[in-house]
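In what follows, a structure is listed as structure tokens, so that the remarks can point back to it.
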Amino acid sequence: MASALANWIVDPKRNPLAKIHMKTLANRLSNFGLRYDDLHDPMYDLDVKEALNRLPKEVVDARHQRLKRAMDLSMKHDYLPEDLKVKRESAEREALGALPLYQRTLP
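Under this note's numbering, think of the first position of the sequence shown as -14, with each following residue one higher.
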């Protein structure tokens, strides 16, 4: 019972307060050029490590570059200029040529 309650509290799909928190955090992260998914630590979660191993090298390198830039900006007590802020993830996926989720088919 307690674990089900804990899962409900932190799941943004089921808890509206968690969804608001996720949006607020994502907006604050964009000030440093990060995405919400960049917070996942591959040393803590083996599933994240495996997912990063399966991604193309360019995507992983871009993630590492965003993390380094965010640490640099944090040390300088500065924010990323407006023209360099991270685009919405869906727009970036479309720019890379990925189909929207509802248009994908299984092989």
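Here a beta-carbon is modelled for each residue, glycine too, at the ideal position from N, C-alpha and C.
CA-CA distance, H25 to R48, rounds to 11 Å. Excluding the 5 residues flanking it on each side, R51 has same chain C-beta neighbours closer than 7 Å at G18, L19, D23, in chain order. Judged by DSSP secondary structure, N16 falls outside any alpha helix (DSSP H); it is assigned neither H nor E.
If you check the CB distance, A(-9) and P(-3) do not come in under 8 Å.
Rounded to whole angstroms, the separation of the alpha carbons of L37 and D30 is 11 Å. Leaving aside the five residues that flank Y21 on each side, the residues in its chain whose CB is nearer than 7 Å to its CB run, in chain order, M7, L10, A11, L14. Judged by their CB atoms, P27 and K34 are nearer to each other than the 8 Å cut-off.
The three-state reading of DSSP puts K(-2) in coil, since its state is none of H, G, I, E or B.
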